[in-house]
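> What follows is a structure written as structure tokens; I'll ask about it next.
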Amino acid sequence: MNQKRFLKVAQQENNDEGQIAEHKNITVVHYIMLLVAWLFIFTVRLVQKEPTNDLFFMILLLALGHEAYLFKRKASFFSIITIIILLIATIMTAWSIVGVIFK
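So this is what it looks like as structure tokens:
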């Protein structure tokens, strides 16, 4: 009786791990496609000599979120300094974007 129960639990755990792996794989695909789109837009804007502040804002915001996640997992002095620098850079970039919009 216990062996059947243990087998059922083990099979369920194996299915859960498979689903988690599938979610990780699709997330990687999403990020790669977003990066390719970002690089395409960045290249077009460089060729046309247009501003790229909004693209850098997206990257800074992504880095800020990533660093905040890492800080949540393991707090360190280096993470705090990095978050402060990224926060200042993100705010300054956002401010320059808003300044362009309301000019």
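If you use the numbering used here, the sequence shown corresponds to residues 1404 to 1506, in order.
Think of the CB as a built atom: it goes at the ideal place given N, C-alpha and C, for glycine as much as any other residue.
Every value quoted in this text rests on a predicted model; they were computed, and no experiment measured them.
Would you check if the stretch 1473 to 1485 and the stretch 1446 to 1454 touch, i.e. whether three or more CB-CB distances between them fall below 8 angstroms?
Short answer: they don't touch.
> Put T1455 into one of helix, strand or coil per three-state DSSP.
Reduced to three states, the DSSP call for T1455 is coil.
> Does the Cβ-Cβ distance between T1485 and E1470 come in under 7 angstroms?
Closer than 7 angstroms, so yes.
> Enumerate in chain order the residues of its own chain whose CB-to-CB distance from L1489 is below 8 angstroms, with the five nearest sequence positions on each side excluded.
Taken in chain order, the residues that qualify are L1463, A1466, L1467 and E1470.
> How many whole angstroms separate the CB atoms of N1456 and I1500, which I take to be in contact at a CB cut-off of 8 angstroms?
Yes, they are in contact, since the Cβ atoms of N1456 and I1500 sit about 5 angstroms apart, within 8 angstroms.
> Within 10 angstroms of its Cβ, does T1446 collect 16 or more other Cβ (buried), or is it exposed?
Label assigned to T1446: exposed.
> By the three-class DSSP mapping on this structure, what secondary structure does K1477 have?
Three-state result, K1477: coil.
> Taking just the CA atoms, how far does N1405 sit from Q1415?
Spanning the two alpha carbons is a distance of roughly 15 angstroms.
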